[in-house]
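Novice:
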Amino acid sequence: MSLLRRVVSTIGNSDWNRRFLSNKRTSPPNGERSYFFKIARYLWRRFPQPLRYRFWLWWGEVLPYQRIIYRGKVLRWGRDRTKAYRAVFPTAPAGESILDLGCHTGFYCFMAASEGAKHCLGIDHVASRIKEGMELAAREGIRNVELVAADVFDYDLPRTFDVVLCLNLLHHMRSIERAEALIEKVYGWSRERIVFIVLRPRNASATYEYVDEYGTRYLHFSAQYFRDKYGTDRIDESLLDPGCYGANRSIIVLEKCKR
Ligand SMILES: C[S@@+](CC[C@H](N)C(=O)[O-])C[C@H]1O[C@@H](n2cnc3c(N)ncnc32)[C@H](O)[C@@H]1O
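Letter 127 of the sequence shown, counting from 1, is numbered 110 in the numbering used here, and no numbers are missing.
1. Entirely within the region 39 to 88 and at least 3 residues each: give me those beta strand (DSSP E) ranges in chain order.
2. Helix or strand or just coil, what does DSSP make of Tyr25?
3. Quick one: using the 10 Å Cβ neighbour count with 16 as the cut-off for buried, is Leu222 buried or exposed?
4. Keeping to the same chain, check which residues put their C-beta closer than 7 angstroms to that of Leu202; ignore five residues upstream and five downstream.
5. Which residue's Cα is closest to the Cα of Phe179: Asn186, Glu196, Tyr208, Ser188?
6. With respect to the beta strand (DSSP E) encompassing Phe144, which residues constitute its N-terminal and C-terminal limits?
7. State the Cα-Cα distance for the pair Gly198 and Leu58, rounded to the nearest angstrom.
8. Going along the chain, which residues of its own chain have a beta-carbon closer than 6 angstroms to the beta-carbon of Ala67, five neighbours each way excluded?
9. Taking 7 angstroms as the cut-off, is the CB of Phe136 close to at least one heavy atom of ligand 1?
10. Measuring alpha carbon to alpha carbon, tell me which of Ile218, Val109, Pro225, Arg174 ends up nearest Leu82.
11. Starting from the C-beta of Asp134, find all residues in its chain whose C-beta is less than 7 angstroms away, skip the five residues before and the five after it, and write them out in chain order.
12. Who does Tyr191 pair with in a DSSP beta bridge?
13. Our contact map puts Leu243 next to Leu84 with C-beta atoms below 8 angstroms; I'd like the distance itself, whole angstroms only.
14. Would a C-beta distance cut-off of 8 angstroms place Asp145 and Glu98 closer than the cut-off?
15. For Ala96, which residues from the same chain have a beta carbon less than 8 angstroms from its beta carbon, with the 5 sequence-adjacent residues on both sides left out?
16. Which residue spans inside the region 110 to 139 form an unbroken beta strand (DSSP E) run of at least 3?
17. Consider the C-beta atom of Ile51 and the heavy atoms of ligand 1; say whether any pair is separated by less than 7 angstroms.
18. For Arg157, name the three-state secondary structure that DSSP assigns.
19. Can you give me the Cβ contacts of Lys101 inside the same chain, cut-off strictly under 7 angstroms, excluding the 5 residues immediately before and after it?
20. May I ask whether a heavy atom of ligand 1 can be found less than 7 angstroms away from the beta carbon of Ser92?
21. Apply the 10 Å Cβ neighbour rule to Cys92 and answer buried if 16 or more other Cβ atoms are within range, or exposed otherwise.
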């Protein structure tokens, strides 16, 4: 497993691949139309769902979760999240301070810093992800990206940020009490706006919903949950392209200053 990971990582981080995966071309040329792709897709769809899920988890371990890009240069190979980034920041966050909770390796911080953000702080409780991100920032001499290994519940932040990102984090909270505690914290740390990416409930009338998937409990939220809490005019919802993180996710923006 670790050997395979190393092989994939070595190929992925090679100069050839950096050029191949540069921002100008984010997917292989004609990949969607090749016979290889069509056959692979045909076989994939005939796999039983539990096996597909296990394979997906395994592949997730091999293929890094976020491709790290700074000013158009690929610093670390992985899954391309630039489409989601553009949905989170339709305009460049120049001059803003950003807090990214559950930042993984810091993709959103690096991108925001590329686009002129003043300061970007990312927090994640998996130390190895933070270490990798910090090494990349140090290697490239990026000073406005700071990544901290901590649990968001233990971290004491003595300051506020223009924008707080809470992307794909709430569904991991497992209980509504824990998720609400996190939302309260996020609210306190933000000045202008908060951006959430959430899994949507399957039951259209639910404001939140527990969903068990292969032994793990996830929490899904509707935009109505946030509207009830903060008022309809302060919440904006849009569906996230399924190509970003998979189906059934929405992006919810809470404008804090709006009354
Ligand atoms: C699904 S990933 C999302 C990563 C990133 N926000 C994105 O959307 O690309 C969730 C991340 O949250 C982190 N995480 C989960 N619970 C956390 C907690 N209590 N404190 C800090 N990080 C946490 C995980 O380690 C993981 O990197």
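We put the CB at the ideal spot given by N, CA and C, even for glycine.
Specialist: Taking the definition as stated:
1. 51 to 53, 56 to 59, 80 to 84
2. Counting from one through the sequence shown, the residue named residue 25 turns up at place 42. DSSP places Tyr25 in helix when its eight states are reduced to three.
3. Start at 1 with the first residue of the sequence shown, and residue 222 comes out as number 239. Its Cβ having fewer than 16 others within 10 Å, Leu222 is exposed.
4. Position 219 of the sequence shown, counting from 1, holds the residue named residue 202. Cβ neighbours of Leu202 beyond the five flanking positions: Leu153, His154, Met156, Arg157, Ile159, Ala162, Tyr191, Tyr193.
5. Taking the first residue of the sequence shown as 1, we reach residue 179 at position 196. Residue Tyr208 is the option with its Cα nearest to Phe179.
6. Numbered from its first residue, the sequence shown carries residue 144 at position 161. Element bounds for Phe144: 144 to 150.
7. Residue numbering aside, residue 198 sits at position 215 when the sequence shown is read from its first letter. Residue numbering aside, residue 58 sits at position 75 when the sequence shown is read from its first letter. Going by the C-alpha atoms only, they are around 35 angstroms apart.
8. On the sequence shown, position 84 is the one that residue 67 refers to. Closer than 6 angstroms at the Cβ level, and outside the excluded window around Ala67, lie Cys227.
9. Within the sequence shown, numbered from 1, the residue matching residue 136 stands at position 153. Flag set: Cβ of Phe136 near ligand 1.
10. Looking up residue 82 in the sequence shown gives position 99. Selected option, being the one with the closest Cα: Arg174.
11. The count along the sequence shown starts at 1 and reaches residue 134 at position 151. Once the five neighbours on either side are set aside, the close Cβ partners of Asp134 are His108.
12. Numbered from 1 along the sequence shown, position 208 holds the residue referred to as residue 191. Answer is Phe204, bridged to Tyr191.
13. Missing from the structure shown is residue 243; the chain here goes from -16 to 242 and no further.
14. Residue numbering aside, residue 145 sits at position 162 when the sequence shown is read from its first letter. Residue numbering aside, residue 98 sits at position 115 when the sequence shown is read from its first letter. The answer is no: Cβ separation not under 8 angstroms.
15. By 1-based counting over the sequence shown, the position of residue 96 is 113. Cβ within range, chain order: Tyr53, Cys103, Ile125, Asn127, Val128.
16. 128 to 132
17. Your numbering for residue 51 matches position 68 in the sequence shown. Flag unset: Cβ of Ile51 not near ligand 1.
18. Against the sequence shown, residue 157 aligns to sequence position 174. Residue state, collapsed to three classes: coil.
19. By 1-based counting over the sequence shown, the position of residue 101 is 118. Taken in chain order, the residues that qualify are Gly78, Glu79, Ser80, Asn127.
20. For this step, residue 92 is matched to residue 109 along the sequence shown. For clarity, residue 92 is Cys in the given sequence; the question names Ser instead. Result no, Cβ not under 7 angstroms from ligand 1.
21. The residue given as residue 92 occupies position 109 in the sequence shown. With 16 or more other Cβ atoms within 10 Å, it is buried.
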